[in-house]
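Below: the structure, in structure tokens.
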Amino acid sequence: MLVASRELRRAPVRFGLLAGAIGLLMFLVFFQQTLLSALLNSFTGALQNQSGTVLVYTWEARDNLEASVLSPDVIAQVAAVPGVGQVGPVGAATLTLVFKGEQLEVAVIGAEPGKPGQPTKLISGRRATAPGEGVASSESGNFGIGDTVTTGAGGLPVTIVGLTQQSQLNVLPTLFVTFDAYTALRKAANPDATAVLASALAVVPSSGVSPEALAAAINGEVPSVTARTRNDAVANAPGVSATQASFVIVLTLAVVVVALVTGFFFLIMTVQKTAALTLLRALGAPAGYLVRGLIAQVALVLGVALLVAAGLLAATTATANTGLSLTIEPGALVASTASIVGLSLLAVAFSVWRVLRIEPIQAVNPPALGGME
Amino acid sequence: MKLALLELRRRPWRFAPAVLALVLLTALLLILGGLLDGLYTGFTGALRAQPGPLLVYSADAKVSVPRSRIDAAMTTEVKQVPGVEQVGGLGTALLGAEVSDQAAQASVALFGYQLAPRGVPAPPEITGQVYADTSLKAYGVKEGQTLLLGPKRYPVLVVGWVSDTNFMLQGSLWGSVDTWREVLASARPDLVMAPGTYQVLTVSTTQAADPARVAAAIDAATNGTTHTVMRSVASDSLPGIKQQRSTFIAIISTTFFVVALVVALFFVLLILERFGMYAVFKAIGASSGQLFSQVVLQAGVIAVLAFMLGTLLAVGVGALIPPQVPLQLTAGRAIEVGAGLLVMATLGSALSLRRVVSIDPATAIS
């Protein structure tokens, strides 16, 4: 240990640069993980943070809220399934709305007041109760309470009466309105529409029935629909698995790079110090002592790197303007740190093996002079 | 040069870790590139196949086909613009299709069209008949088969095949405008359009006309109620296309960086281990340049070998992936990856230059 700590004190720049480099790479991993959480929230926050614990789509919509259309007879069949407590139609569409003279793409979600499907993460104001009222997502920063939006073709003006957080759909500014307002906005966008049907049903089970059991019961009794618990609906929403898969590849690559850099750095150091380490072995230092010193250096470098990464992450999430609501998720960061430390120790195993392989006899009989290798 | 190749032949296992890492990275690069290409063609095929160079959307649609609405009066105005040759209505409906004998549904994009896209015959005369994209064969679709579309199970008969015409990763079906209108009325009453109204117009221009000028003239003629764009702009404006491309390019660039890093670290270590040998070579007259060229040559050979093995691995993985996954391995992409690999391996090995130059021949005898 003494030798290892002396070496750290004697070469602070070398170890400092390594800790800084690994810290930056770890920050990259942490930031991407935070970005992924924020992105998924922006894709599906509107599903996750609404009051229905079960969502019902048409079967052929394949979990795509905007592609789903439920006819009144199917709605009646779902409402009649035993275990259904409250049920409410939900409409969802991407519309071009006009706000302060500018056109904006907005995800519009309609639900009947007092029924499931209402936004649950209200941060100011109140829910929409009349056709001319709406609740907007706060993340995009477009809307404030009292603002008014309408469709490009005119039609029903909607005044913002509340703001939500973590309730966006498809990474768009999101507007929650009553189902009547949703119908009016859709008809204003396409006057030829013969009917505006519900996209999905938001359902709350009756007491004593779990969302999982109710979803299974609906799937069993109504053949033309797919019922999912809220969490399943979020996990199966279009784009979620593709986004997760892309990030997993990048994150895996970044973690491997951290381990690779750590492993190669200590391997190169070990090769460079072989003569000194051999001398120490010849002077009586046990192999375990040298290995413990190596592991202590790795732990210290990774510890400092972790502090660097955590500091950078805290600073970046507080100041970055990504258009997404960045929130640090400690659980995911702990998992990443464990992967990085585990893989780095694995990568250092080769250096440990090199240290263990050192024969004290080589100190007086080096390979260059015909000694054993 | 001979020495570098001799070492590779005599001690191949010394280079195995680097080759193995590069083989895996090559396969990863090819598969990522293949997915990027497959996603692009799967998203944009229907728009790229349009016969005219221009597509006309309603101004408030933000270049989204399903949200656009062009009525008969606007179509008349577009037809009268100088430089416009042919105008055809186009509409789509994204639906689920039930395929007989198949448990899973196919996601389809039904198009109603007036001007035949590239590789697509003229619209079928009989309502309910469609041409299907060959990608739907992966879902068990056969010629002469009836598919049931949407919640009301509207039947359409497949009468032939077309290729590279998919839209938003959904297998396309091409039928008459009447078929499209009937399917909308059955499956999506909220998207129904009156007779004479289409989602977009596809416009071909006269030979002498400049498409960009014609596009501006169309939007001026309709008083800004339309937004006319080139076909390529329409393709690139589809939701997710730009994000997909930037995400994949970021992953591919990172992977190339990892390639350079692997090669650099591997050769730094290798040179450290061969310090004594290089000192002897220098002592007997070899220059730093000669020694360095050995390192670069070895890196190049490793990269070429890894590329060949990695390509075989990627092709093998590609054969195991279900046909529904939009993976498209092309020779162009392979050449790009091969060249990139060689450049990054050379750059990586070049980082060893300082160490080779710093070797002192005197250490050979000290």
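Protein sequences appear in the order of chains A and B.
Residue numbers for the first sequence follow this note's numbering, beginning at 68 and rising by one.
Residue numbers for the second sequence follow this note's numbering, beginning at 34 and rising by one.
Heads up, the beta-carbon is just placed ideally off N, CA and C, and yes, glycines get one too.
Every value quoted in this text rests on a predicted model; they were computed, and no experiment measured them.
- Pairing residue 123 (chain B) with residue 144 (chain B) gives a Cβ-Cβ distance under 8 Å.
- Neighbourhood of residue 91 (chain A) in chain B, by CB distance below 9 Å: empty, with the nearest CB roughly 13 Å away.
- Three or more Cβ pairs closer than 8 Å define a contact, and the region 260 to 273 of chain B falls short of that threshold against the region 147 to 160 of chain B.
- Within chain A, the C-beta atoms nearer than 9 Å to that of residue 129 (chain B) come from 125, 126, 127, 128, 129 and 134, in chain order.
- Close CB contacts of residue 275 (chain B) within its chain, under the 7 Å cut and outside five residues either way in sequence, are with 269 (chain order).
- Here residue 420 (chain A) is exposed: its Cβ has fewer than 16 other Cβ atoms, across all protein chains shown, within 10 Å.
- Close partners of residue 138 (chain B) in chain A (Cβ separation under 8 Å): 126, 127 and 129.
- Taking one beta carbon from each stretch, the region 268 to 287 of chain A and the region 228 to 243 of chain A have fewer than 3 pairs nearer than 8 Å; the two do not touch.
- In the same chain as residue 201 (chain A), and ignoring 5 residues on each side of it, the C-beta atoms closer than 6 Å to its own belong to 195, 225, 227, 242 and 244, in chain order.
- Taking the CA atoms as reference points, residue 372 (chain B) sits about 9 Å from residue 337 (chain B).
- Annotation: Cβ neighbours of residue 219 (chain A) in chain B (cutoff 7 Å, chain order): 93.
- In the DSSP assignment, residue 278 (chain A) falls within the unbroken alpha helix (DSSP H) covering 278 to 288.
- B:130 is the residue among B:136, B:370 and B:130 whose C-alpha sits nearest the C-alpha of residue 191 (chain B).
- In the three-state DSSP reduction, residue 77 (chain B) falls in the helix class (H, G or I).
- Put simply, the backbone Cα of residue 261 (chain A) is about 53 Å away from that of residue 368 (chain B).
- Taken atom to atom, the span from the alpha-carbon of residue 400 (chain A) to that of residue 120 (chain A) is near 28 Å.
- At a cut-off of 8 Å between beta-carbon atoms, residue 176 (chain A) makes no contact with chain B.
- Assigned with DSSP and collapsed to three states, residue 381 (chain B) falls in helix.
- At a cut-off of 8 Å between beta carbons, residue 257 (chain A) contacts chain B.
- Under the DSSP assignment, residue 272 (chain A) falls in the beta strand (DSSP E) whose first and last residues are 267 to 272.
- At a cut-off of 8 Å between C-beta atoms, residue 324 (chain A) counts as an interface residue with respect to chain B.
- Below the 7 Å Cβ cutoff, chain B contributes 298 and 302 as neighbours of residue 331 (chain A), in chain order.
- Selection A:94, A:110, A:69 and A:131 evaluated against residue 377 (chain A) yields A:94 as nearest (Cα-Cα).
- Proximity of residue 234 (chain B) to chain A, defined by a Cβ-Cβ separation below 8 Å, is not satisfied.
- Residue contact with chain A for residue 225 (chain B): present (Cβ-Cβ distance below 8 Å to some residue of chain A).
- Distances from the alpha-carbon of residue 114 (chain B) to those of B:375, B:160 and B:242 put B:242 closest.
- Counting every other CB atom within 10 Å of its CB across the protein chains shown gives residue 85 (chain B) a total of 16 or more, marking it as buried.
- Secondary structure in the region 276 to 329 of chain B: no beta strand (DSSP E) run of 3 residues or longer lies completely within the stretch.
- Using beta-carbon distances, residue 334 (chain A) counts as an interface residue toward chain B, with a partner under 8 Å.
- For residue 423 (chain A), the enclosing alpha helix (DSSP H) stretches over residues 397 to 423.
- DSSP places residue 337 (chain A) in no beta strand (DSSP E) but in the uninterrupted alpha helix (DSSP H) bounded by 307 to 339.
- By alpha-carbon distance to residue 132 (chain B), the top candidate from B:254, B:179 and B:48 is B:179.
- Collapsing the DSSP output to three states places residue 361 (chain B) in coil.
- By DSSP's assignment, residue 186 (chain A) forms a beta bridge with A:117.
- For residue 339 (chain B), the CB contacts under 6 Å within the same chain, skipping 5 residues up- and downstream, are 52, 55, 56 and 59 in chain order.
- Rounded to the nearest angstrom, the gap between the Cα atoms of residue 328 (chain A) and residue 190 (chain A) is 45 Å.
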